[in-house]
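Working notes, beginning with the structure itself.
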Amino acid sequence: MEVSPQSLYIQLSAIQNPTTLQEATATIFKMRTFGKQFIEAAFTVATGPGDYSIYARIAAAIELRTALESNMKFIEQNYFIQILTSIIPAANSISSLNAKALMNNLQLCFEKMFDQFRHMSSKYTKEPLQICGVIFQQICQTINMDSVMQTDFGIQCFTCFQRLISYEMYKEFKNESCGYFYQTYLVQLIQFIVGLDIESFQQPKFIHSLTQALRSFFEPREVEQLYSNPAFSDLPIGVTYLFQKLSSSEKFELQNAKEDCCYILLRYVQKVRRLLINPIASSSANQSFIEKWDDLQVDIAKAIIVDIKQCEHFNLFADHDSINSVFCLACELLELSSFDNKFCHEKAGMLLMEHADELVQQIFLMIINAGNVRMEHFEHDDLLVIDCLKPSVDFVRQICMNNPAIENGLCEQAQQALSSFLSGSLSESDYKEQENEAKIFVGTLLIRRALPNIGLNIKNLVCLRGLQMCTQLHEIVFEEIAKLIIQVTFDDYSFRDNYKFISSTSFDAAFVANNNYLEEDVVPYIIDLMIQLYCSDQPRIFQYRMLSGILSRSIRNNMVQNNNIIDLLTKSLLIMLNNEGQTQSGGMVTLTKVAISVFQSVDLDPVLCQILSTPDFQDLPNILVNNNQKTHLKVDNAFNILNLIIENVSIISSNFESAVVDLCTRILYVNFDLSTSVFKVLNNFYTKEIQNYRDAPDELFDVCLNGFAQAGDKAFECLGEALVYIKSVMRRHAAQIVIKQDIRTSLIQLTDSLVQRNTITSLGYATILLSQFLDVVVSEYSVILPQIFDYFTQNYFIPIFSQELAQICGEIDPDMKRMCLFNLATFFFTMIGVSEAMSPSQVIIDLLQTQNGIVSLVSMSFVATWALQDHKYNLGGSWRFTLASYICCSVDTLFSGLSAHLPILLPTLLWCRYIVLAARDYSVEQPPQISFYILQQLQISEQLLQPIFAGLFSEAIAHAQLTEQIDCPFWNRNEATQFGDALKIIGGCSQEASRFGISAFGGGLLLGRVLERVKMINVALFGVEYQAYVQRVIQTTGSMPDMNIDWTYE
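Encoded structure:
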């Protein structure tokens, strides 16, 4: 395929046409695999002088960015530096096109590449500072006061450049370059913006680029001596001018720039406070800066006053960070000195206090506005957060602490806003008036956060009245009351050590107790009333959510009795079961986890079993007959609840497991399509300790497995989901065979059915089950091994491997096919290894000497080697170790009369030896890797092997070959197949690595036998590299190596 600028331009242009879109997209995808050629073509189309359309240039820039991100680590060093140092000049040359999207994508290309460069600079050059200097000069050349777009691009590149050179080695360069750029360019740009009519300025994002550049001096690492460096002496003055300009603007696009200004000024305000606290440590330059601060702080305070006076009209739905930052800056200016209790920034503090009355009233109106905004948007966004409320109320609190008269006036306002609510005089219709709800909202917020000297009895009264009237209150208002309850019962609660439980109290009793709040603790009343309310059916789901969060804290702090915890747990599960919005269950999930953690498993077992026996859960299979969205949502909720419980209980009783499995299998009977969800639940048992087995534990999964046997082809879509649970019960299954002496169990019936289907997919499923079950039997239940092995030989091994494997290897997903072949190989060598440990099976030896047996041996050996040698990410580590160990056990059988085909076994045995040794010693030398070329060296017809290995390379494999420089990747994307869960969970569990080989032969003897067989193979077919490796292994280990190794997998 030709990959040139012109060919790429043709395809990029074709994307614009819907009729050629699909074909052009596919062609571009193929072009991407050509790496360097594609990058050069995309770069030329995006930035070259040719007559390319703006659309094609933008599309090429996007393709360039994507290609660079995908191939960054693999670009050759010199070419990488060439691209990195070409992006800015190239963008500079096309800035006259006025294509903002094009410039933005080129800036992102630069940012990604420079980030890679600064992380790996030693890889690309011995002189990283020299490259940085070149780039900095290029950035400076982009600043053009006659072109906003060109200058904007340069400033953005400067910003990311300065933020990325934060390493110590760049410190001096960063200091000098920042000082130069600020003095030479940014000062002029600040003056330019300050002199503008910004309301009519058409490029507001340019101002944000400027403030971002100024902010880059402070993060992620401050320029050294920033506050005392003469080069930056007028920086706070310039930023203050910008802040004053922006504070009077209502343009939303300028809010980012205002937030940057507030951030910078906040750093200066905090720096001055530290210098004032410790004047001895101040340098003369710092002292000079402090002297200028007197006038500057006043200018900052004036800008803040202008901004806050508009806060009643702030767009709180957008709730931009700039609003939050303004109040944070104002709070900092009101900080008091710990020495004399005066304002650290005296002039600014005094000026703010002069306007305090007006500012507080504006904030009061803003809070009412905030309550209205949240109530109006609740239906669409119940989690809407207005961040500026917290610092704005903190600002009010600081004012109140400095002016008791203002606090008294605000306290009176708050109580007046709450008066009708607290007196109980509001009717049901009154609560429907949003104005009344907003008053309760603002009053509660003020007494919770703004009024430091408000009486505890008033807080208690708001909490009690809020609980009593929760069904009448808007959810947003109740949420604010819930925050006050947290403050009263936890944050400010000082009697936790003397806490006294109260049960079945009433609101009347609680109100009486509050009248005597100085003598009686009201918190136990509040908590008991919350428990009663939560266990009732009165609250709405949002209120349940609030209450569950508070009660979780109560449980953690031992403020709830065990019988009440059980009631709360039960109620939480039922709320989640019947909840029609899963995203609203967060609080109940937390309460469930906390409640479960309180009890020992033995105490929790009857509770959980009782919950599952309730009609709400037991009727789930029956309601599935009504095939509607509400029904399926409830069933999904049930699955989520079961997952939640099992994940948070460390030890499971067999009674609870039985209850869960019984419910799940009843659901499967009604709708087998839910098997994915069923086994997602049951798979959680894999990592749990099960106690008190029932008499017939195999019945726990018989129904599930019988369902698969009867479900037909659709069962394959979810059988992969069941593999983990089936593995978790295999030991109990084997134990029952010992007891009943009946091999024809549901597991065997399932594998019989799968083998009879005789497709690559069905055999892939069958063999993974058979291999794992045989390993369990041979390791722990040897008494039934002869019976099991004979059955497996006659009914599985012979039928599968005596046929032409080429006939069953149809076209399926390449990644799925590799996994199926891996499972076949594992079963193949597991059977041979077990046979050799017992007494070599003549039936198997005879089969391996037939043509189909030889093809099976060759193909399974190659698949095993392929899977073992691709161990970069250790995916399926225990499975690979198990496969290697069984191959090591199989050498006598494999070398029985197969001399013509022995070469295929050389890399297999060497990789098995490596995998076993590397489990303990990571320094072991790896064997050379093989490729499909080895199959051409064998005396086997291509027609017999080609269908087996056809269609194994997916897009994921092709990408790995290109980007990771691997000839034969095996495991890429296998976790996305139907075997994915088993591969990650079972294959990744070290305890699943088979110990059979070491117990049967002993580690040293086993590997010694392997090496003796290696010596029998003619290494010449494999080239010089393999010959040298084999020679090194033999010389290093001798004829009987590794006799004393500790051969276990971790």
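Per full-length UniProt numbering: the sequence shown = residues 1 to 1050.
Just so you know, even glycine gets a beta-carbon here, dropped at the ideal spot from N, CA and C.
8 Å Cβ cutoff met for residue i and residue j
i: Ser814; j: Gly951; result: Reading off the sequence shown, one finds Pro at residue 814, where the question assumed Ser. It is a contact, given that the beta carbons lie within the stated cut-off.
i: Thr614; j: Gln538; result: no
i: Asp605; j: Asn558; result: no
i: Leu883; j: Leu894; result: no
i: Met169; j: Gln116; result: no
i: Leu847; j: Phe773; result: no
i: Ile768; j: Leu723; result: yes
i: Leu336; j: Ile304; result: no
i: residue 1136; j: Ile845; result: Because the chain spans 1 through 1050 in this model, residue 1136 falls outside it and cannot be assessed.
i: Ile143; j: Tyr185; result: yes
i: Ala99; j: Arg57; result: yes
i: Cys261; j: Thr211; result: yes
i: Asn627; j: Asn684; result: no
i: Thr240; j: Asp146; result: no
i: Val755; j: Ile798; result: no
i: Glu689; j: Ile652; result: yes
Collapsed DSSP secondary structure at residue i in the structure displayed
i: Phe827; result: helix
i: Leu473; result: coil
i: Arg553; result: helix
i: Pro5; result: helix
i: Phe343; result: strand
i: Phe201; result: coil
i: Pro697; result: With a pLDDT of 45 at Pro697, under the threshold of 50, the modelled position of that residue is not reliable, and the figure given next carries that caveat. Pro697: coil per DSSP, three-state reduction.
i: Ser209; result: helix
i: Arg1009; result: helix
i: Ile1034; result: helix
i: Val924; result: coil
i: Ser931; result: coil
i: Ala257; result: helix
i: Tyr791; result: helix
i: Phe895; result: coil
i: Tyr781; result: coil
i: residue 1054; result: One cannot answer for residue 1054 here, as it falls past the ends of the chain, which runs 1 to 1050.
i: Leu938; result: coil
i: Cys968; result: coil
i: Lys500; result: coil
Those residues which DSSP pairs with residue i across a bridge
i: Ser653; result: Gln691
i: Leu336; result: Phe343
Top-ranked residue by Cα proximity to residue i, from the options
i: Arg1013; options: Arg973, Gln946, Cys888, Ala919; result: Cys888
i: Val834; options: Asn874, Asp381, Val778; result: Val778
i: Ala213; options: Gln202, Leu164, Gly195, Leu246; result: Leu164
i: Leu547; options: Leu68, Arg732, Ile481, Phe507; result: Ile481
i: Leu64; options: Phe34, Asp357, Met838; result: Phe34
i: Ala60; options: Thr751, Gln22, Ile10; result: Ile10
i: Asp197; options: Ile623, Gln150, Leu246; result: Leu246
i: Glu955; options: Gln141, Trp971, Gln946; result: Trp971
i: Tyr124; options: Met31, Asn795, Leu84; result: Leu84
i: Asp829; options: Phe862, Cys809, Tyr886; result: Checking the displayed sequence, the identity of residue 829 turns out to be Phe instead of Asp. Of Phe862, Cys809, Tyr886, the residue nearest in Cα terms is Tyr886.
i: Ser248; options: Phe314, Lys740, Glu479; result: Phe314
i: Gln468; options: Leu266, Met530, Arg920, Asp51; result: Met530
i: Ser325; options: Val298, Arg267, Asp382; result: Arg267
i: Ile788; options: Thr761, Leu805, His733, Arg757; result: His733
i: Pro947; options: Cys809, Ile94, Pro907; result: Cys809
i: Leu108; options: Ile135, Ile62, Gln150; result: Ile62
Cutoff 8 Å: residue i Cβ touching any chain C Cβ
i: Ser96; result: Any reference to chain C falls outside this structure, which holds one protein chain only.
(request) Could you name each continuous alpha helix (DSSP H) segment of 4 residues or more that falls completely within the stretch 398-452, going from the start of the chain to the end? (result) 404-423, 428-431, 434-445
(request) With a floor of 4 residues, list each alpha helix (DSSP H) that falls wholly inside the stretch 14-74, ordered by position along the chain. (result) 21-32, 36-47, 54-71
(message) At 4 residues or longer, what runs of the alpha helix (DSSP H) sit wholly inside the stretch 120-145?
(response) 121-124, 128-142
(request) Within the stretch 513-574, note down every full alpha helix (DSSP H) run reaching 4 residues or more, in order along the chain. (result) 523-535, 541-556
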